[in-house]
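*Asks:*
This is the structure we're talking about:
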């Protein structure tokens, strides 16, 4: 049913708009983005499932479904992953650009394209497999020429794409461009873009090590299990936004998330959770996502009007949607408490097993839910371990072990992770701050990455425990920028604000250093 | 006592055993890459600056530590101190109160038992490192354990003070990829002052291991007032240069008073500039991997 806005609700929304206008900690670009969302939220075009309001638009401590700041009238897909190879090869009529003939043209054309790709944040969440895209253009250039161009170009990205959900990919093949990019990114210590190195069994150790060294300085790249993603999504996958596996030439229409910790509060016991409360909320969230997708595809006109779609850089048929969740750890702990058990998620077989059982239920539900516009992924959504937002409290990202409760030994931590990563083709990951500066042993991280590839571990991130650039939950921020914002100054990137909130509410600066 | 426990008692025969002080599942500081580090109890040297002196002596089961164990991980049974690793909170009160410079926090283990603990760290590790104490004092155990580790495809490194004649132990060397050797001082007089022992064998091992290319790392703890540090660094570098081992990592380790026994705490830490100077000398010999720790 469609919502009705009461005069009080409209007055409240007007007040929201005013607050955005005058917020001294928002830059102009940030205000424009938030104003657009506020305008969208005056609309009531969605035919929402009954019962949604009390799960979604309610107090934070009882909220069971969260739409992650998507507005009430979706007018563009949340995540768009365009086919950049086609773009460099053919150019774009809309952008009045021909094929890129050399390195400078390729860099310029890409930058132009980036500023024409929308998303939930209005910035591109995927900016291409940079090594595959650019390596063919550097054959006749010296290393220093390429480094210099990359330094300028990557700096331009950092200063103009004002949001670190912007994500580039490299690997699994080693390329000269890939090596040079790792060098330059290690030097620059920028928060944008986020970066993933896809690692396969035959990715050379030396290339992975170049990535590890870069990550200990600038908190990126993260390392993705290429074989695992390829097995699920095929060869045309990319990693976008935080760590989301999606199709190139497609993307994700939408992402909502189950707040499992709050759903557990509704349940009398484990059985009640598994058979009544969880299925009830899962069904409402799935139907809410169905309706959002229907409006976007059938009513918004985006796929008929955007040059990205009309020129074939994306195809509607390659989109899917992300069915997210957070707070599995707190959910398990609370359910066990209700049964008089004090064992904790991440530390006991019983607790971890309950986590697995809950994931199996969610996985089965998703595999039995059909959406006709998700044909790319068999008519089903893709499960996503959402990284949390700054207002979350007592609710850990996805299936992560809560910060402060990490097992003493990293091997035990990894063995828990290994139980859960397999459920999430559209993304999950764990983060480890490392103290390796003194002993100069990046091979240590390489060994952990290699070990994970042989198991069911999908995605690992590392950062130097004393770096300025750090990984908050899935995205990157600079500590120095958070300090500025905390002192009341406005800062360039949207994500700095999210990071600051997370450092206060989610203890992200207290992760166990390995 | 179970049959297995009886078999572990000293003099009971069976597989060689070692007193294990600690097993660190993932270590980034005991050789290249990620390795499981096994620390064996007992050392023949008595270095003044030893930062884990509780590993020097073996436990005599006097029981003096037991009353200090608040979580109850220690008890006495049949005249022997029993240690329950599950109850231990690693507060270190036990060895701080040990009158014999030892630790009750050890386990008697066979090679197979240690390997069982190592196995759970696969596939994240590239190898094992056995350290101490002085690990070569458990030579038979080492041969057994390293043979098992090799069979799992793991690399094998030893951390040694160089007091075991490796050139005369082909069985041990056959299962050892390399020895990370401490060279604590160069002249015998200095070496005696630092450790209480002569170093003819250490110097012989340095050259012999270098010639075999089984010397991935050399370490020297820098304490300027205790021995001639520059002379030591220069002599180590000469051997590495002469034997074509310029890629051997040389760790120039800053002496720090952490963990050091009260009587020796007066030793001064070297200035950073002095460490840099020594590292510069080492690099001057062409060494490619000099690290100040």
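Residue numbers (the numbering used here), protein chains in the order written: chain A, -14 to 499; chain B, 37 to 329.
The C-beta atom is built at its ideal place from N, Cα and C for all residues, glycine as well.
1) Closer than 9 Å, Cβ to Cβ, to anything on chain A: give me those residues from the segment 52 to 65 of chain B, in chain order.
2) Closer than 8 Å, CB to CB, is residue 509 of chain A near chain B or not?
3) If you check the beta carbons only, do residue 75 of chain B and residue 395 of chain A fall under 8 Å apart?
4) Residues of chain A with CB closer than 7 Å to the CB of residue 157 of chain B, please, in chain order.
5) Check whether the Cβ atoms of residue -8 of chain A and residue 201 of chain A sit closer than 8 Å, and answer yes or no.
6) Would you kindly work out how many angstroms separate the C-alpha atoms of residue 199 of chain B and residue 250 of chain B, rounded to a whole number?
7) For the segment 65 to 99 of chain B, list every residue whose C-beta sits within 8 Å of some C-beta in chain A, in sequence order.
8) Assign residue 458 of chain A to one of three DSSP states: helix, strand, or coil.
9) Enumerated in chain order, which unbroken segments of the beta strand (DSSP E) with a length of 3 residues or greater are wholly contained in the segment 297 to 361 of chain A?
10) Whose Cβ in chain B lies nearer than 7 Å to the Cβ of residue 429 of chain A?
11) Identify every run of the beta strand (DSSP E) within the segment 261 to 315 of chain B, keeping only runs that are complete inside it and at least 3 residues long; order them along the chain.
12) Verify the contact flag: residue 214 of chain B, CB atom, against every heavy atom of the ligand FAD, threshold strictly below 7 Å.
13) With a CB to CB cut of under 7 Å and the five nearest residues on each side skipped, what residues in its chain are close to residue 100 of chain B?
14) Assuming residue 500 of chain A is part of the alpha helix (DSSP H), what are its boundary residues?
15) Apart from the five residues just before and just after residue 97 of chain A, which ones in its own chain have a Cβ nearer than 8 Å to its Cβ?
16) Measuring only between beta-carbons, confirm whether residue 319 of chain B sits less than 8 Å from chain A.
17) Taking three-plus beta-carbon pairs below 8 Å as touching, is the segment 122 to 132 of chain B in contact with the segment 143 to 157 of chain B?
18) What does a CB cutoff of less than 7 Å around residue 46 of chain B pick up in its chain, not counting 5 residues either side in sequence?
19) Pick from A:248, A:69, A:33, A:311: whose alpha carbon is nearest that of residue 294 of chain A?
20) Report yes or no: do the segment 33 to 51 of chain A and the segment 160 to 170 of chain A share at least 3 C-beta pairs separated by less than 8 Å?
21) Could you check whether the Cβ of residue 327 of chain B sits closer than 8 Å to any Cβ belonging to chain A?
22) Should residue 117 of chain A and residue 146 of chain A be called a contact, given that it needs their Cβ atoms to be closer than 8 Å?
23) Taking the alpha-carbon positions, what's the residue 312 of chain A to residue 266 of chain A distance?
24) Which residue comes first and which comes last in the beta strand (DSSP E) that contains residue 153 of chain A?
25) Can at least three beta-carbon pairs, one atom from the segment 209 to 222 of chain A and one from the segment 174 to 192 of chain A, be found at a separation below 8 Å?
26) May I have the straight-line CA-CA distance separating residue 287 of chain A from residue 60 of chain A, to the nearest angstrom?
27) In this structure, how does DSSP classify residue 66 of chain B when only helix, strand and coil are distinguished?
28) Quick test of your reading: residue 230 of chain A and residue 222 of chain A, contact by CB under 8 Å. State the CB separation rounded to the nearest angstrom.
29) Can you give me, in chain order, the residues of the segment 159 to 186 of chain B that have a beta carbon less than 7 Å from any beta carbon in chain A?
30) By the 10 Å Cβ neighbour count, where 16 or more other Cβ atoms means buried, how is residue 398 of chain A classified, buried or exposed?
31) List the residues of chain B whose Cβ lies closer than 8 Å to the Cβ of residue 421 of chain A, in chain order.
32) What does the alpha-carbon distance come out to for the pair residue 362 of chain A and residue 218 of chain A?
33) Since residue 418 of chain A sits in a beta bridge, which residues does DSSP pair it with?
34) Could you give the C-beta distance for residue 245 of chain B and residue 217 of chain B, rounded to a whole number, given that I count them as a contact under 8 Å?
35) Please confirm if the segment 232 to 248 of chain A is in contact with the segment 296 to 306 of chain A, defined as three or more CB-CB distances below 8 Å between the two stretches.
36) Taking residue 500 of chain A as the query, report the chain B residues whose CB atoms sit under 8 Å from its CB, ordered along the chain.
*Replies:* On the basis of the data shown:
1) 60, 61, 62, 63, 64, 65
2) The question about residue 509 of chain A has no answer, for chain A in this structure spans -14 to 499.
3) no
4) 396
5) no
6) 16 Å
7) 65, 68, 69, 70
8) coil
9) 304 to 311
10) 64, 69, 70
11) 285 to 290
12) For the structure depicted, the ligand FAD is absent and the ligand set is empty, with no information on it obtainable.
13) 133, 134, 135
14) With chain A covering only -14 through 499, there is no way to say anything about residue 500 of chain A.
15) 80, 82
16) no
17) no
18) Low confidence applies to residue 46 of chain B: its pLDDT is 48, below 50, so where it sits in the model is not reliable, and the reading given next is rough at best. Same-chain partners within the cutoff: there are none.
19) A:69
20) no
21) yes
22) no
23) 15 Å
24) 152 to 155
25) yes
26) 6 Å
27) coil
28) 5 Å
29) 159, 160, 161, 162
30) buried
31) 64
32) 8 Å
33) A:448
34) 6 Å
35) yes
36) In the structure as shown, chain A starts at -14 and stops at 499, and residue 500 of chain A therefore has no counterpart that could be examined.
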